[in-house]
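Since the structure comes first, as structure tokens, the remarks are kept for the end.
Protein chains in written order, with the working numbering: chain A, 120 to 401; chain B, 731 to 1025.
Structure follows, in structure tokens:
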């Protein structure tokens, strides 16, 4: 009898240890980056252009490039992602086609990011002749985060009670008017959550932008959607592996800026999600 | 006039319905486009380079020898994936059981967001930490010349697959009805015996799906392996040697290829293989994930 409880204790400790290992890994990375990177963070670092072959100066054009990519990605992914979710939740019936669409969305999110990079290179850069540009990079990232946008929007639409739709229809509104004026505004927090998660993903991806937009070095600021830009994740890759004698500070600082940017979006996203969940419960 | 407005409204409705439908099937179109462009760009390679030599070739040396042997990349990917999964399964399932069955509510609500944060950390940052922290540790522990090895890749990738494995396994564990647990406890089983003999078997298909999805993530991961596995496309069977995966090969070499050339086309060809592998993994996972809802 005692042995059984001893075994129980033993395995509970193992389970606890495995959880602690995971937690320690996450917190370890974050705190280590903060400790190592914070000494590099300064106003000069985020407001100046790289100098001396990216070994000195700041990363202003790099941050700006990532922001341009985020905006471009949202412009392309939000409208079609939201429309796609509207189709799935408001129009689609339970047919074989709907099942295939859902399966495609799941599979889209499982496609490796480097394959999106190849696709962007083959389709946007070469076939549509956009060249390596903000346009090509944003479109590639937009396709990459589309599953995130669709899933989050659909969940948000689902949480709007049917009584709202019935009330609107009973007042004489058309189906489309109901969607635009009632259903969508009600699901806005959920949609914003999806957008923020998508941004976090797009801002951190490297493989899809290497062949479609990212510039090794581009000290001038971009002047059109056909310009190449530098971007934070690719810049970190370059600093860490492609050039020699980069001061450690520059590397850790770039990594920390990227992490802060992404955690910023993730945290706002979580806040919005908690709020929309609370509202659903009430 | 009235007739015109009615016509206009009808036309608008027609247009909206079509547009919404088109967006709805967009995911199918995108998958189709990805496949089409991978095939389109790899045709040159498959038609000019002997297929058998590609599949069985033991040398990947695109510029010097113009040899495109797939075996070194395959063994590199398999070695890293296998190592990562061996590390990730006990950690992932262990954590999922802890979070799902044991942790008090307050603890659970603190742990879950932390694990979600792990999923948002970009792979290039994980790779960077791998270079700066993991590789030196491995170098010292195993007394190697260089720490950038398959083992470094496996360890980092294992952690990257954990958010997927933990969250879906935990969903599966939560989906097991409480009457299962109560029945087992009533029969005199301890809580641990209940977990291991009742809950886990009932949640097994979900846990399997979780592992498959984690596997998909590991196979497709690019930047981390590119940065920390040493970039050496040779056939090795040791975790303490540098290797090169399929994904890293694409990312590392695409920049130096001639557009439309054989090397360019070869990278699309291995991209097509990668796409097929992850597609099959995801399809399998999807089959099992649907069973979570049907317990």
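For glycine and all other residues, C-beta sits at the position ideal for the given N, C-alpha and C. All figures in this text were calculated on a predicted structure; none of them were measured in a lab.
Through-space distance from residue j to residue i, alpha-carbon basis
i, j, result
"residue 960 of chain B", "residue 954 of chain B", "11 Å"
"residue 320 of chain A", "residue 378 of chain A", "11 Å"
"residue 825 of chain B", "residue 812 of chain B", "20 Å"
"residue 951 of chain B", "residue 262 of chain A", "18 Å"
"residue 856 of chain B", "residue 916 of chain B", "47 Å"
"residue 207 of chain A", "residue 1004 of chain B", "29 Å"
"residue 985 of chain B", "residue 770 of chain B", "19 Å"
"residue 927 of chain B", "residue 756 of chain B", "44 Å"
"residue 390 of chain A", "residue 833 of chain B", "23 Å"
"residue 748 of chain B", "residue 210 of chain A", "11 Å"
"residue 913 of chain B", "residue 848 of chain B", "37 Å"
"residue 854 of chain B", "residue 353 of chain A", "8 Å"
"residue 1011 of chain B", "residue 230 of chain A", "10 Å"
"residue 221 of chain A", "residue 891 of chain B", "23 Å"
"residue 744 of chain B", "residue 1015 of chain B", "38 Å"
"residue 166 of chain A", "residue 294 of chain A", "49 Å"
"residue 192 of chain A", "residue 227 of chain A", "16 Å"
"residue 123 of chain A", "residue 373 of chain A", "52 Å"
"residue 361 of chain A", "residue 172 of chain A", "11 Å"
Beta-carbon proximity of residue i to residue j, cut-off 8 Å
i, j, result
"residue 782 of chain B", "residue 999 of chain B", "no"
"residue 806 of chain B", "residue 973 of chain B", "yes"
"residue 818 of chain B", "residue 867 of chain B", "no"
"residue 948 of chain B", "residue 932 of chain B", "no"
"residue 188 of chain A", "residue 253 of chain A", "yes"
"residue 242 of chain A", "residue 763 of chain B", "yes"
"residue 850 of chain B", "residue 381 of chain A", "yes"
"residue 232 of chain A", "residue 308 of chain A", "no"
"residue 359 of chain A", "residue 861 of chain B", "yes"
"residue 142 of chain A", "residue 196 of chain A", "no"
"residue 388 of chain A", "residue 276 of chain A", "no"
"residue 956 of chain B", "residue 940 of chain B", "no"
"residue 936 of chain B", "residue 1021 of chain B", "yes"
"residue 153 of chain A", "residue 290 of chain A", "no"
Cut-off 8 Å between Cβ atoms - residues of its own chain near residue i, not counting five sequence neighbours on either side
i, result
"residue 983 of chain B", "792, 993, 997"
Same chain, Cβ closer than 7 Å to residue i, neighbours up to 5 away in sequence not counted
i, result
"residue 250 of chain A", "244, 345"
"residue 334 of chain A", "347, 348, 349"
"residue 878 of chain B", "865, 958, 959, 960, 972"
"residue 768 of chain B", "998, 1001, 1002, 1005"
"residue 814 of chain B", "884, 887, 888, 891, 948"
"residue 356 of chain A", "325"
Nonlocal neighbours in the same chain, by C-beta distance under 6 Å from residue i, ignoring five residues either side
i, result
"residue 174 of chain A", "365"
Residue range of the unbroken alpha helix (DSSP H) whose run includes residue i
i, result
"residue 336 of chain A", "Element bounds for residue 336 of chain A: n/a, residue is neither H nor E."
"residue 984 of chain B", "No alpha helix (DSSP H) holds residue 984 of chain B; DSSP gives it neither H nor E."
"residue 855 of chain B", "853–859"
"residue 225 of chain A", "215–229"
"residue 144 of chain A", "121–156"
"residue 179 of chain A", "179–205"
"residue 912 of chain B", "908–916"
"residue 1005 of chain B", "992–1019"
"residue 767 of chain B", "756–778"
Nearest to residue i (by Cα), restricted to the options the options
i, options, result
"residue 170 of chain A", "A:374, A:274, A:337, A:182", "A:337"
"residue 203 of chain A", "A:317, A:157, A:266, A:229", "A:266"
"residue 970 of chain B", "B:845, B:785, B:884", "B:884"
"residue 312 of chain A", "A:373, A:221, A:393, A:230", "A:393"
"residue 786 of chain B", "B:918, B:766, B:798", "B:798"
"residue 140 of chain A", "B:766, B:740, B:828, B:738", "B:828"
"residue 215 of chain A", "B:930, B:839, B:758", "B:758"
"residue 881 of chain B", "B:820, B:898, B:967, B:831", "B:967"
"residue 1002 of chain B", "B:988, B:740, B:980", "B:980"
"residue 778 of chain B", "B:796, B:766, B:789", "B:796"
"residue 739 of chain B", "A:340, A:292, A:128", "A:292"
"residue 903 of chain B", "B:925, B:809, B:859", "B:925"
"residue 317 of chain A", "A:235, A:159, A:385", "A:385"
"residue 995 of chain B", "A:134, A:240, A:163", "A:240"
"residue 281 of chain A", "A:270, A:323, A:303", "A:303"
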